[in-house]
Structures are given as C-alpha cells and as structure tokens.
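Below is one structure, written out as structure tokens; the observations come after it.
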Amino acid sequence: MALEIHQFPCLSDNYGYLIHEPKSDLTATIDTPEEAAINAELAKKGWRLTHILNTHHHFDHAGGNEALKARWNCTIVGAAIDKDRIPGIDIALREGETYRFGETEAEVIEVPGHTTGHIAFYFADEGIAFVGDTLFVLGCGRLFEGTPQMMWESLSKLMALPDSTVLYCAHEYTQSNAKFAVTIEPGNAELTARRHEIDALRAAGKPTVPTTLAREKATNPFLRAASVELQKTVEQEGAPLWEVFGETRRRKDKF
Ligand code: ZN
Ligand code: FE
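For the record, in the sequence shown the residue sitting at position 140 is 140 according to my numbering, with numbers rising by one throughout.
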C-alpha cells in the first residue's frame with residue numbers, strides 16, 4: 001500500500017480521514033468536517049496538509065475548507081458540477097477523471113443523489129473508495145437533492161467496483177441503520193449475524209467503518225433491491241430496481 005490512512009471521529013457522528021503518502025510526503029484530508037480536529041490529528045501524526053478532497057458541499061464536509069486553506073495553502077479538489085458550492089476549489093473534476101496524488105491516483109465517480117454534485121474518490125491501486133454520504137454501513141444518504149433513479153444509478157456504479165473494495169463512509173450511522181435493515185430483510189442470516197457484531201463493536205467503543213463492498217452487497221438493504229424477500233417487504237415485487245430502492249428509502253425516512 002502506498003497510502004497510510006488515519007481515521008478519527010469528529011463532530012457528533014462524522015469520520016475524518018487523513019491519507020498520507022510517505023514517499024512524496026503528501027497528505028490529504030477527505031472533506032473538512034472540523035478544522036480543529038483535523039489540525040490536531042495532523043499535529044499528532046507530524047504531517048503537513050497538502051490537499052483537501054471534497055465529496056460534496058454540505059457544511060460537515062466542506063465547512064473547514066477555507067480555514068484549512070488559509071493555514072496550509074493546500075490544493076482543494078472537488079466536483080466540477082459543484083464548483084460554485086465547494087469553498088476555495090482549485091481543481092474541478094468530472095466523472096472518470098483522475099487526480100494524481102504522488103505515486104497513486106484517485107478516480108472520480110459521480111454519485112448524485114444525496115446532493116446533485118456528490119462524488120466518490122476511488123483509489124484503484126489501493127482498492128479503496130471514499131464514498132462520503134452516498135453509502136453508509138447498512139445505509140445510504142438521504143435524497144436531499146436527487147431522485148431515487150439518480151441515487152440507484154449512483155449506487156449501481158459503486159456496486160460495479162471489485163467486491164473486495166474497502167469503503168470509507170463519512171458517518172457512523174450503523175446501529176440505527178441496522179435496526180431498520182433487519183425489519184426489511186428479517187430472513188437474511190448474514191445481516192442478523194452482522195447486527196450482533198455491530199452491537200459488540202459499538203459497545204466496545206469501536207468504529208464499524210470501513211466496510212467492504214462484498215459485505216454491503218450481502219446485507220445493505222439499499223443495495224439489495226433485487227432480493228425477493230426485500231421486494232415482498234416493501235410491496236414492490238417485480239418492480240424496476242430503482243423503484244424498489246426508492247420505496248426502501250421512503251420507508252427508512254419514516255422509520
Ligand atoms: Zn451530506
Ligand atoms: Fe454528512
């Protein structure tokens with residue numbers, strides 16, 4: 001692995017991520033949920049901030065951009081579509097474009113739905129992706145700006161990555177997501193087992209993030225629109241998968 005990843009909790013339920021490439025001495029923060037926490041973690045590691053990689057414009061993701069740029073003079077990379085909403089953006093990228101980060105590179109995947117300009121950063125060589133508020137452990141982001149069709153297409157793009165891909169999500173929402181997931185697919189044994197594992201991790205004060213694409217495909221109701229049991233629960237048997245997804249999302253909103 002060319003990258004070292006440092007994960008830390010911040011705000012009430014966000015995760016901050018610093019990614020560091022020792023060879024080039026580059027360090028990026030994935031989003032800027034909390035300026036002070038990011039500076040404290042940088043100091044702890046002895047790293048200088050050279051980049052900000054933004055997944056989307058929400059305040060708990062881009063709120064620290066300007067203060068961090070003022071302090072570190074770092075380069076801010078974000079979505080071209082959202083260049084007017086990402087404070088201080090320097091490099092604006094579109095679907096499929098890559099950003100070279102030292103020896104490795106990040107591919108931009110446009111994943112609209114939670115916001116219309118949301119992107120994920122996929123480091124193919126490392127087998128990791130930073131998915132922001134698009135996909136959570138056993139959950140997905142709320143549809144603040146996009147439609148169910150749009151979000152389903154975005155999730156389908158993530159599902160097309162290798163199963164072994166390690167997914168870094170921006171929030172620890174897992175326990176409440178799990179409560180909902182078991183009501184939608186009560187017969188999914190892997191999900192039931194996973195719920196117990198999650199409760200044990202949280203009771204021990206440990207994060208449930210990152211996850212892998214394989215585990216999410218097997219247990220995350222928002223990736224499981226093709227499941228017959230799930231389709232029955234949400235009363236969408238044989239419906240287009242985006243509609244099954246949309247109804248699952250609506251039920252979670254009311255849960
Ligand atoms: Zn958000
Ligand atoms: Fe968020």
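Glycine included, each C-beta is placed from N, C-alpha and C at the ideal position.
field: Host alpha helix (DSSP H) of G2 (start-end)
entry: Here residue 2 is taken as the residue at index 2 of the sequence shown, counted from 1. Checking the sequence, you will find Ala at residue 2 rather than Gly. Taken as a continuous stretch (DSSP letters only), A2 belongs to no alpha helix (DSSP H), as it is neither H nor E.
field: Residue range of the unbroken beta strand (DSSP E) whose run includes N220
entry: For the purposes of this step, residue 220 is identified with residue 220 of the sequence shown, where counting begins at 1. Looking at the DSSP string, N220 is not in any beta strand (DSSP E), and its letter there is neither H nor E.
query: Which residues have a Cβ closer than 6 Å to any heavy atom of the ligand FE, listed in chain order?
result: With 6 Å as the limit, the residues whose C-beta approaches any heavy atom of the ligand FE more closely are H58, D60, H61, D133, A170 and H171, in sequence along the chain.
query: When DSSP builds the beta bridges, which residues end up paired with F130?
result: The sequence position of residue 130 within the sequence shown is 130, counting from 1. For F130, the pairing in a beta bridge is given by DSSP as F121 and Y168.
field: Strand pairing of A79, partner residues [DSSP]
entry: Start at 1 with the first residue of the sequence shown, and residue 79 comes out as number 79. L93, per the DSSP bridge assignment.
- prompt: If you count every other CB in all the chains shown that lies within 10 Å of the CB of M151, and 16 or more means buried, which is it?
  reply: For the purposes of this step, residue 151 is taken as residue 151 along the sequence shown, with counting starting at 1. Counting of Cβ neighbours within 10 angstroms places M151 among the buried residues, the total reaching 16 or more.
- request: Would you tell me roughly how many angstroms separate the C-alpha atoms of I109 and A203, rounded to the nearest one?
  value: Indexing the sequence shown from 1 puts residue 109 at position 109. Indexing the sequence shown from 1 puts residue 203 at position 203. Rounded to whole angstroms, I109 to A203 spans 34 Å at the Cα level.
Cβ shell of I86 (< 6 Å), same chain only, five flanking positions each side left out: Residue numbering aside, residue 86 sits at position 86 when the sequence shown is read from its first letter. Only N54, H57, A62 and G78 meet the Cβ criterion.
query: Quick one: what does DSSP say I86 is sitting in, helix, strand or coil?
result: Mapped onto the sequence shown, residue 86 falls at position 86. Correct three-state label for I86: coil.
Closer than 7 Å: G141 CB and nearest the ligand ZN heavy atom: Along the sequence shown, read from residue 1 onward, the residue named residue 141 stands at position 141. For the ligand ZN, at least one heavy atom lies less than 7 Å from the Cβ of G141.
message: Tell me which residues share the same chain as C10 and place their Cβ nearer than 7 Å to its Cβ, disregarding the 5 neighbours each side in the sequence.
response: Within the sequence shown, the letter at position 10 stands for residue 10. Within the same chain, C10 has close Cβ partners G16, P33, E34 and A37.
query: Quick one: what's got a C-beta closer than 7 Å to P112's C-beta in the same chain, skipping five residues either side?
result: Against the sequence shown, residue 112 aligns to sequence position 112. Excluding residues within five positions, the ones whose Cβ falls inside 7 Å are H118, G146, M150 and S154.
- prompt: Three-state secondary structure (DSSP) at G16?
  reply: Walking along the sequence shown from the start, residue 16 turns up at place 16. Three-state result, G16: strand.
message: Tell me which residue opens and which closes the alpha helix (DSSP H) that V209 is part of.
response: Numbered from its first residue, the sequence shown carries residue 209 at position 209. Annotation for V209: no alpha helix (DSSP H) segment contains it, and DSSP assigns it neither H nor E.
task: Kindly examine the ligand ZN and report whether one of its heavy atoms sits closer than 7 Å to the Cβ of H114.
output: What you label residue 114 is simply residue 114 of the sequence shown in a count that begins at 1. Correct: H114 has its Cβ closer than 7 Å to the ligand ZN.
query: Are the beta-carbon atoms of N188 and T219 separated by less than 8 Å?
result: Residue numbering aside, residue 188 sits at position 188 when the sequence shown is read from its first letter. Residue numbering aside, residue 219 sits at position 219 when the sequence shown is read from its first letter. Cβ distance < 8 Å, so N188 and T219 count as in contact.
- prompt: How is the beta strand (DSSP E) around V108 delimited, first residue to last?
  reply: Your numbering for residue 108 matches position 108 in the sequence shown. Element bounds for V108: T104 to E110.
query: Taking 7 Å as the cut-off, is the CB of H56 close to at least one heavy atom of the ligand ZN?
result: By one-based count along the sequence shown, residue 56 stands at place 56. True, at least one ligand heavy atom lies under 7 Å from that Cβ.
query: With distances taken from CA atoms, which of G96, E97, T98 and A80 is nearest D90?
result: Indexing the sequence shown from 1 puts residue 90 at position 90. Nearest to D90 by C-alpha distance, out of G96, E97, T98 and A80, is A80.
field: Between the CA atoms of I184 and F123 - distance to the nearest angstrom
entry: The residue given as residue 123 occupies position 123 in the sequence shown. The residue given as residue 184 occupies position 184 in the sequence shown. Cα-Cα distance, rounded: 32 Å.
- prompt: Could you give the distance in angstroms between the alpha-carbon of V234 and the alpha-carbon of R142?
  reply: Position 234 of the sequence shown, counting from 1, holds the residue named residue 234. Position 142 of the sequence shown, counting from 1, holds the residue named residue 142. Straight-line Cα distance between these residues: approximately 18 Å.
field: Residue from F245, D133, G46 and L138 whose Cα sits closest to the Cα of T116
entry: What you label residue 116 is simply residue 116 of the sequence shown in a count that begins at 1. That would be D133, whose Cα lies nearest to the Cα of T116.
message: As a quick exercise: from A239, A225, E172 and L223, pick the residue whose alpha carbon is nearest that of P207.
response: Reading the sequence shown from its first residue, position 207 is the one you call residue 207. That would be E172, whose Cα lies nearest to the Cα of P207.
Check whether V166 and T212 have beta carbons under 8 Å apart: The count along the sequence shown starts at 1 and reaches residue 166 at position 166. The count along the sequence shown starts at 1 and reaches residue 212 at position 212. For the pair V166 and T212, the CB atoms are nearer than the 8 Å cut-off.
task: Taking A120 as the reference, give the member of A2, N73 and L93 with the closest Cα.
output: Along the sequence shown, read from residue 1 onward, the residue named residue 120 stands at position 120. The shortest C-alpha separation from A120 is found at L93.
task: Compare the C-alpha of A160 against each of D31, G127, V244 and P240 and name the closest.
output: Taking the sequence shown and counting its residues from 1, the one referred to as residue 160 is at position 160. Cα-wise, what sits closest to A160 is G127.
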